[in-house]
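The block underneath contains the structure these notes are about, expressed in structure tokens.
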Amino acid sequence: MTDSVNIRGIALDILMEVLENQQYSHLVIRDVLDKYQYLEKRERSFLTRIAEGTIERKIELDYVVDQFSKMPVRKQKPVIRNILRMGVYQLLHMDSVPDSAVCNEAVKLAKKRGFSQLSGFVNGVLRNIARGREQIVWPDENRDLLTNWEVTYSMPRWILEQWERAYGRERTRRILDAFGEQNPLTVRTNLNQISTEELVTKLEGEGVTVKRNMRLPYALELSGFDFLNGLESFLAGDFYIQDLSSMMVAHTADPKPGDYIIDVCAAPGGKSTHLAEMMRGTGMVEARDLTDYKVGLLEENIARHGLTNMKAICWDATVFDEASVEKADILICDLPCSGLGVMGKKTDIRYKMTPEKQGELVQLQREILRTVCSYVKRGGTLVYSTCTIHTGENEENVEWFLQEHPEFTLVSREQMFPGDCGNDGFFIAKMKRNGNE
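Numbering (our numbering), first residue to last: 72 to 508.
Quick look at the structure:
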């Protein structure tokens, strides 16, 4: 263990930020890993495993603590409940950590954070769970399968009910199982700079294990490396980190050399840079987003990838831009959504999203589509996509749009479920504006 660094203490800080202060887990964990990049790989892996696992399993962990504690989780001090959550996660899901170490380190952490008077409580609850883990009473799946899934998969019941209605129990179970699987890092070759074959050779020379994706020839799955900033190929901009399902947006759009493309909600720029690269320096991709910060992210990626046929613009997609009417050969509408398809990477989404927020997002998506659809040229293409699994934001929105805008015709639509090809959950619909046949 690196001197003077308490890994569990850092993990507790992450839990406090995410579960108590409502920060986004992927951003908090990314910033922490950047800060502690000097830690050994096994220490960073241990930290990530505890933090991500505890967040993902919060419902299950609270359920277990409530069986062994006279004080329910919801009434406990925030620091104490997160020390207990972290401890129970290690007891139930990390066999390599001795029970005694889990309990002792939790007690030390409680004392260090100023709760010496509650250290005995922490010790008692965790030791009782360690001794009685085989006696934990789980919800009976034969009596109430969804309650069982709510606890054992730590998935809010309203999401389970929504998926069961839309996709049935078997598909819902496959979705839940997929979120628990460890998928390799997927990257897209920067074809403007290097061929896929050259990149594979370069990565393998850096000690990276590389697997080609069967669906897209320029997509690679990487594993076996320490951290990305230690790879010369990453620093050189030879590839872009992007999920396979996200790559499918540009693949579906199928740009032609010289096309003018507008991406109305583009940050951080994965889809836009992909489209620009596919046109091999011709045409233009106008990547828009709402804030200067997001435009800054777009500009960083334009520079990193050396793109001359892409520009970043600060624009609110809900505000009509008369200058863009019938300007776009391709309009990309990858819109803000509930994000239920990416819970494998952003585990806290399940706790932040609500049915009410979903309803608000449906209305925002429709407002944006209504505002921007006239930017498509006659005979041009509109691609609508989300990273969620929700018929209201996906299929129903497409049906609404086609009814409201009969000048558009559906070309294709696809709901990709998590794990189908090692990808996130994603929805893509391609529509063509009639005319200029």
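Backbone N, C-alpha and C define an ideal beta-carbon position, used for all residues, glycine too.
A quick note: this is a predicted structure, and the numbers were derived from the prediction, not measured.
Backbone CA spacing between residue i and residue j [nearest angstrom]
| i | j | result |
| --- | --- | --- |
| Lys-503 | Asp-325 | 12 Å |
| Trp-229 | Glu-268 | 46 Å |
| Glu-91 | Asn-372 | 33 Å |
| Asp-166 | Glu-370 | 45 Å |
| Gly-80 | Leu-180 | 7 Å |
| Lys-129 | Tyr-107 | 25 Å |
| Gly-276 | Gly-251 | 31 Å |
| Thr-260 | Val-271 | 9 Å |
| Gly-203 | Phe-139 | 9 Å |
| Cys-408 | Arg-101 | 22 Å |
| Leu-216 | Ala-249 | 18 Å |
| Val-76 | Leu-83 | 13 Å |
| Gly-450 | Asp-363 | 33 Å |
| Phe-288 | Arg-236 | Just to set this straight, residue 288 is Pro in the shown sequence, not Phe. Cα to Cα, Pro-288 sits roughly 36 Å from Arg-236. |
| Lys-342 | Ala-172 | 46 Å |
| Asp-133 | Glu-127 | 12 Å |
| Leu-19 | Gly-430 | Outside the modelled stretch of the chain, which goes from 72 to 508, sits residue 19, for which no answer is possible. |
| Met-72 | Arg-145 | The predicted model places Met-72 with a pLDDT of 47, which falls under 50 and marks its position as unreliable; any figure quoted below should be read in that light. Met-72 and Arg-145: Cα-Cα distance of roughly 33 Å. |
| Thr-323 | Leu-110 | 41 Å |
| Glu-212 | Phe-117 | 32 Å |
| Met-355 | Thr-480 | 25 Å |
| Val-168 | Arg-437 | 50 Å |
| Thr-442 | Trp-386 | 13 Å |
| Ala-388 | Gln-94 | 25 Å |
| Arg-214 | Glu-478 | 50 Å |
| Leu-368 | Tyr-311 | 14 Å |
| His-476 | Lys-141 | 59 Å |
| Glu-241 | Gln-147 | 37 Å |
| Asp-170 | His-164 | 11 Å |
| Ile-182 | Val-103 | With the sequence shown as reference, residue 182 is identified as Lys, and Ile is not the correct amino acid for it. The alpha-carbon atoms of Lys-182 and Val-103 are separated by roughly 23 Å. |
| Pro-426 | Arg-351 | 42 Å |
Beta-carbon proximity of residue i to residue j, cut-off 9 Å
| i | j | result |
| --- | --- | --- |
| Gly-239 | Leu-197 | no |
| Tyr-455 | Val-396 | no |
| Pro-227 | Asn-219 | no |
| Asp-309 | Ile-265 | yes |
| Leu-231 | Ala-201 | no |
| Val-19 | Ile-439 | Only positions 72 to 508 of the chain appear in the structure, and residue 19 is not among them; the question remains open. |
| Lys-417 | Ser-190 | no |
| Ala-338 | Asp-360 | yes |
| Arg-120 | Val-136 | no |
| Gln-486 | Glu-466 | yes |
| Glu-393 | Leu-432 | no |
| Arg-115 | Phe-391 | no |
| Arg-484 | Phe-497 | no |
| Ala-399 | Lys-365 | no |
| Glu-131 | Val-222 | yes |
| Leu-177 | Asn-199 | One point to set straight first is that residue 177 is Ala, not Leu, in the sequence displayed. Taking 9 Å as the Cβ cut-off, Ala-177 and Asn-199 do not qualify as a contacting pair. |
| Ala-122 | Leu-98 | no |
| Glu-205 | Pro-255 | no |
Closest by C-alpha distance to residue i, when choosing among the options
| i | options | result |
| --- | --- | --- |
| Phe-488 | Trp-471, Val-173, Gly-415 | Gly-415 |
| Ile-403 | Ile-332, Tyr-109, Leu-411, Gly-377 | Ile-332 |
| Pro-143 | Phe-192, Asp-309, Asp-330 | Phe-192 |
| Asp-405 | Met-318, Ala-201, Asn-213 | Met-318 |
| Gly-301 | Glu-478, Val-99, Asp-105 | Asp-105 |
| Ala-559 | Thr-457, Arg-120, Gly-276 | In the structure as shown, the chain starts at 72 and stops at 508, and residue 559 therefore has no counterpart that could be examined. |
| Thr-452 | Ala-321, Asp-387, Leu-435 | Ala-321 |
| Leu-315 | Lys-327, Asn-284, Val-271, Glu-303 | Asn-284 |
| Gln-253 | Trp-234, Lys-273, Ser-294, Ala-290 | Ser-294 |
| Ser-304 | Val-279, Ser-225, Glu-88, Glu-235 | Val-279 |
| Asn-263 | Glu-292, Gly-377, Val-222 | Gly-377 |
| Ala-358 | Ile-401, Ile-126, Val-136 | Ile-401 |
| Thr-459 | Cys-444, Arg-441, Asn-494, Ser-483 | Asn-494 |
| Thr-353 | Gly-367, Lys-365, Val-366, Lys-327 | Lys-327 |
| Arg-113 | Thr-462, Thr-125, Ile-78, Gln-436 | Ile-78 |
| Trp-234 | Phe-498, Thr-462, Glu-131, Lys-448 | Thr-462 |
| Gly-490 | Glu-478, Thr-257, Lys-141, Met-355 | Thr-257 |
| Lys-273 | Arg-441, Lys-448, Cys-174, Ala-307 | Ala-307 |
| Tyr-224 | Arg-244, Gln-206, Glu-205 | Arg-244 |
| Cys-444 | Leu-291, Asn-505, Ala-122 | Asn-505 |
| Tyr-160 | Gln-93, Gln-147, Asp-170, Thr-125 | Thr-125 |
Contact between the region 146 to 155 and the region 182 to 196 (3+ Cβ pairs under 8 Å): yes
At least three beta-carbon pairs within less than 8 Å, the region 340 to 353 to the region 377 to 396: yes
Segment contact flag, the region 463 to 480 with the region 416 to 425, C-beta cutoff 8 Å, min 3 pairs: no
3-residue-minimum beta strand (DSSP E) runs that sit fully inside the region 271 to 306, ordered along the chain: 280 to 283, 290 to 294
The region 328 to 342 touching the region 459 to 470, judged by at least three CB pairs closer than 8 Å: No: the two stretches stay apart, fewer than three of their Cβ pairs being nearer than 8 Å.
Inside the region 399 to 452 only - beta strand (DSSP E) runs reaching at least 3 residues: 399 to 405
Segments assigned alpha helix (DSSP H), at least 4 residues, entirely inside the region 152 to 194: 170 to 183
Continuous alpha helix (DSSP H) assignments of at least 4 residues falling wholly in the region 339 to 378: 341 to 349, 363 to 375
In chain order, each alpha helix (DSSP H) run of at least 4 residues that lies wholly inside the region 115 to 142: 129 to 139
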